[in-house]
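Numbering (our numbering), first residue to last: 5 to 153. First up is the structure itself, then whatever we jot down about it.
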């Protein structure tokens, strides 16, 4: 009879206690990560440049961005910005000469953003300085448009 009670106690204890749950619910984590991804996708293009420039429209196909690129912006007044820092008049050549080169001596990719109302002569002065400094891989940044200008 003692054997029957001991066996019954073991069964009751096994049914009454619950084992700890070893699974983690990842659904809320995935939801939060997707929301963060969307936020970063929306805000990333806004973080590329802090210089307010009214870019001209173009139907050109977009190019991929490279991590090691130099951004030059020219606003409507003709002020030149090198990576969002204003460059003193006449000092662009010195700044371009001091740009780092990679191990093979290849210059970095340069992206140029020019305001829509910028004087063409001022734009060509900057392009001439880039060419003189040996920076020949230059991308011109524009807004995309569906219709031809």
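Think of the CB as a built atom: it goes at the ideal place given N, C-alpha and C, for glycine as much as any other residue. Keep in mind the model is a prediction, meaning the values are calculated, not measured.
With DSSP collapsed to three states, give me the class of residue i.
| i | result |
| --- | --- |
| residue 135 | helix |
| residue 76 | strand |
| residue 24 | coil |
| residue 86 | strand |
| residue 35 | helix |
Could you tell me if residue i is buried or exposed, where buried requires 16 or more neighbouring beta carbons within 10 angstroms of its beta carbon?
| i | result |
| --- | --- |
| residue 81 | exposed |
| residue 117 | buried |
| residue 114 | buried |
| residue 100 | buried |
| residue 77 | buried |
| residue 139 | buried |
| residue 36 | exposed |
So the beta strand (DSSP E) residue i belongs to, where does it begin and stop?
| i | result |
| --- | --- |
| residue 114 | 113 to 118 |
| residue 144 | 142 to 145 |
| residue 100 | That residue, residue 100, is in no beta strand (DSSP E); its alpha helix (DSSP H) goes 96 to 101. |
What separation, rounded to the nearest whole angstrom, lies between the Cα atoms of residue i and residue j?
| i | j | result |
| --- | --- | --- |
| residue 33 | residue 27 | 14 Å |
| residue 43 | residue 102 | 36 Å |
| residue 48 | residue 85 | 20 Å |
| residue 96 | residue 129 | 10 Å |
| residue 147 | residue 135 | 24 Å |
| residue 29 | residue 22 | 19 Å |
| residue 133 | residue 40 | 41 Å |
| residue 62 | residue 107 | 35 Å |
| residue 143 | residue 45 | 23 Å |
| residue 60 | residue 98 | 28 Å |
| residue 126 | residue 110 | 27 Å |
| residue 79 | residue 131 | 15 Å |
| residue 24 | residue 38 | 29 Å |
| residue 72 | residue 83 | 23 Å |
| residue 105 | residue 112 | 6 Å |
| residue 75 | residue 31 | 40 Å |
Discussion item. Quick check: the stretch 118 to 126 against the stretch 88 to 96, are at least 3 beta-carbon pairs closer than 8 Å?
Written reply: The answer is no - the stretch 118 to 126 does not touch the stretch 88 to 96, with fewer than three Cβ pairs under 8 Å.
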